[in-house]
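For the sequence shown, this note's numbering assigns the number 4 to the initial residue and increments by one for each residue that follows.
Glycine included, each C-beta is placed from N, C-alpha and C at the ideal position.
Down below is the structure, laid out as structure tokens.
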Amino acid sequence: MKKLAIIGAGASGLCAAIEAQKANPDLKITIFDRMQKCGKKILATGNGRCNFTNNDLSLKHFYGENEFLKSILSSEFSDIKAFFKNLGVLSYEEDGRIYPRSQQASTIKEALLKGAQNEKTTIKTEFRISDIKKSKNGFTVNGEFFDGVILCGGGKASSVHGSDGSCYKLAEELGHSLTSLYPALCGLVISDKDLNLLKGVRAEALVRLYSDNMLSGSEAGEIQFTDKAISGIPVMNLSHLCESKRSLKINLDLCPEITEKALFNHLKQGINSFPDAEFEAILNGIVNLKLGFAVMNRSGIKPQSKCKALKSAQLNEVVKLLKCFEINIKSPKGFESAQVTKGGIKTNEVSPLTMMSKKAEGLFLCGEILDIHGDCGGYNLHLAFTTGRIAGYSAGKFLK
Ligand SMILES: Cc1cc2nc3c(=O)[nH]c(=O)nc-3n(C[C@H](O)[C@H](O)[C@H](O)COP(=O)(O)OP(=O)(O)OC[C@H]3O[C@@H](n4cnc5c(N)ncnc54)[C@H](O)[C@@H]3O)c2cc1C
4 MKKLAIIGAG ASGLCAAIEA QKANPDLKIT IFDRMQKCGK KILATGNGRC NFTNNDLSLK
64 HFYGENEFLK SILSSEFSDI KAFFKNLGVL SYEEDGRIYP RSQQASTIKE ALLKGAQNEK
124 TTIKTEFRIS DIKKSKNGFT VNGEFFDGVI LCGGGKASSV HGSDGSCYKL AEELGHSLTS
184 LYPALCGLVI SDKDLNLLKG VRAEALVRLY SDNMLSGSEA GEIQFTDKAI SGIPVMNLSH
244 LCESKRSLKI NLDLCPEITE KALFNHLKQG INSFPDAEFE AILNGIVNLK LGFAVMNRSG
304 IKPQSKCKAL KSAQLNEVVK LLKCFEINIK SPKGFESAQV TKGGIKTNEV SPLTMMSKKA
364 EGLFLCGEIL DIHGDCGGYN LHLAFTTGRI AGYSAGKFLK
């Protein structure tokens, strides 16, 4: 009976176990995880609801080598909704994002465990793998012999959920190379002191990221100010573009659906209708009041200023700030608060058809350990599940 070791009982590892068993029911599988419980990260995904895939799987939402990604996304294993339906999980859609119908991430974790566990599979938790050596017919994993290995210990993001980057070293020791690593899908640290009071404020905005005054990317959606940082899906989606960039700035259009002219006219009309009102009351009809204060502060207008005292030039300045509110960015928040890792094991060293290593026969790599990642919206789990399934199926066939 052939033996397969799966390193990491996360999203990709559990899928790999399910497909390996299907492809080779005689296979003896051991799944190792350094954490006390499997799939801890899955429980944290989608704010506890697990956004596990997306209806729009076009390439623009994924980052990595294009041909590698195309091959994965066109694979029969990329139908993740059907995969979970077969495991008994019905799905629910919100703006293209797919969640389990129960809206509980535990549904996904339990379905994967139910699918992966059987009498031929052993799960060893609190078991950290620190040494894998290639031998003539297989591998020794922490001293124990296995015919094949699937390495799926994730990236370096959010180590509290298990993935501490330790599997990169294991892959490197087996002949693989690593790109530079960078936190992705995370908030950005703000250096402007005047914005400290904005903590907790949410707003719809168009977010433009600049480096050295050159536009790096833009995204629209809900932003959120946190402790000395800015976050929200558009900001998180842009965070990976900060790598190797200098003089980072964000420009917020706080009224993306309104033209400058219409904004000016609206303010002017408010001022004319309520000349004795304080200007903050007029701004409060347009943006969150704390943001309004920040706008007034930057334009030199006191919140208590009477409307009738304001000049057109001051109104113009307010409109300019509402359409282009500049924020200086220090850096991304870091791996601990990032949802994924940009970079990883180079994909030209792995076959996209099988996920088998081109450096060590019998070794398979899948999930976030690879140099692939996606936007916020179910894309990263989609990659983990799909590559995990391909790796599991291929390992099962390889060890037949
Ligand atoms: C807070 C948060 C929310 C997220 N929300 C979403 C979302 O809604 N949708 C989405 O698509 N993506 C989301 N993601 C990203 C997604 O969860 C990951 O991209 C995905 O889980 C990666 O799967 P993986 O199997 O490669 O790695 P992981 O799920 O990280 O699993 C790796 C496993 O390997 C184990 N391990 C690591 N090293 C070792 C070792 N040396 N020995 C033994 N075991 C080891 C770890 O303990 C871990 O259990 C989120 C991430 C975070 C942190």
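Any non-hydrogen atom of ligand 1 within 7 Å of residue i CB
| i | result |
| --- | --- |
| Leu384 | yes |
| Val343 | yes |
| Cys155 | yes |
| Lys43 | yes |
| Phe130 | yes |
| Ile371 | The sequence shown places Glu at residue 371, not Ile. Checking every heavy atom of ligand 1 against the Cβ of Glu371, one is found closer than 7 Å. |
| His164 | yes |
| Met358 | no |
| Ala47 | yes |
| Ala160 | yes |
| Asp167 | yes |
| Cys53 | yes |
| Ser78 | no |
| Arg392 | no |
| Phe338 | no |
| Ala14 | yes |
| Ile236 | no |
| Gly381 | yes |
| Gly346 | no |
| Phe35 | yes |
| Met239 | no |
| Gly3 | Residue 3 falls outside the range modelled here, since the chain spans only 4 to 403, and no answer is possible. |
| Cys170 | yes |
| Ala387 | yes |
| Met217 | no |
Among the options, the one whose alpha carbon lies nearest that of residue i
| i | options | result |
| --- | --- | --- |
| Ser227 | Asp215, Leu198, Cys245 | First, the amino acid is wrong: residue 227 is Gln here, not Ser. Considering only alpha carbons, the answer is Leu198. |
| Thr48 | Ile34, Pro335, Gly381 | Gly381 |
| Asp215 | Met239, Phe328, Glu207, Cys245 | Cys245 |
| Val238 | Glu97, Glu70, Ala341, Lys309 | Ala341 |
| Gln107 | Lys63, Asn319, Asn50, Cys189 | Asn50 |
| Ile253 | Ser78, Phe328, Arg301, Ala316 | Phe328 |
| Cys379 | Leu251, Gln120, Ala8, Ile236 | Ile236 |
| Ser219 | His243, His164, Gly203 | His243 |
| Val163 | Gln39, Ala232, Asn27 | Gln39 |
| Gly168 | Lys403, Ile348, Lys400, Leu402 | Ile348 |
Segment limits, alpha helix (DSSP H) that includes residue i
| i | result |
| --- | --- |
| Thr128 | Run containing Thr128: none; DSSP gives neither H nor E here. |
| Ala297 | 292–302 |
| Pro237 | 236–242 |
Chain D within 8 Å of residue i, Cβ atoms only
| i | result |
| --- | --- |
| Glu371 | Absent here is chain D; the protein component of the structure consists of one chain. |
Whether residue i touches residue j by CB criterion (8 Å)
| i | j | result |
| --- | --- | --- |
| Ala398 | Phe367 | yes |
| Val298 | Leu286 | yes |
| Phe130 | Asp36 | yes |
| Pro355 | Phe71 | yes |
| Ser395 | Glu22 | It should be noted that the sequence gives Gly, not Ser, for residue 395. Taking 8 Å as the Cβ cut-off, Gly395 and Glu22 qualify as a contacting pair. |
| Asp195 | Asn331 | yes |
| Ile153 | Ile10 | yes |
| Leu294 | Leu257 | yes |
| Gly157 | Gly370 | yes |
| Phe87 | Ser94 | yes |
| Ser180 | Glu68 | no |
Limits of the beta strand (DSSP E) - the one that residue i falls within
| i | result |
| --- | --- |
| Pro186 | 185–187 |
| Ala208 | 205–214 |
| Asn319 | Where Asn319 is concerned, there is no enclosing beta strand (DSSP E), although the alpha helix (DSSP H) it sits in stretches over 315–326. |
| Glu79 | Note, Glu79: premise wrong, no beta strand (DSSP E); not H, not E. |
| Ser219 | 217–229 |
| Ser94 | 94–97 |
| Ala8 | 6–10 |
| Gly151 | 151–154 |
Cβ separation of residue i and residue j, assumed to be a contact under 8 Å, to the nearest whole Å
| i | j | result |
| --- | --- | --- |
| Ala160 | Thr344 | 5 Å |
| Leu255 | Val210 | 6 Å |
| Phe55 | Ile101 | 6 Å |
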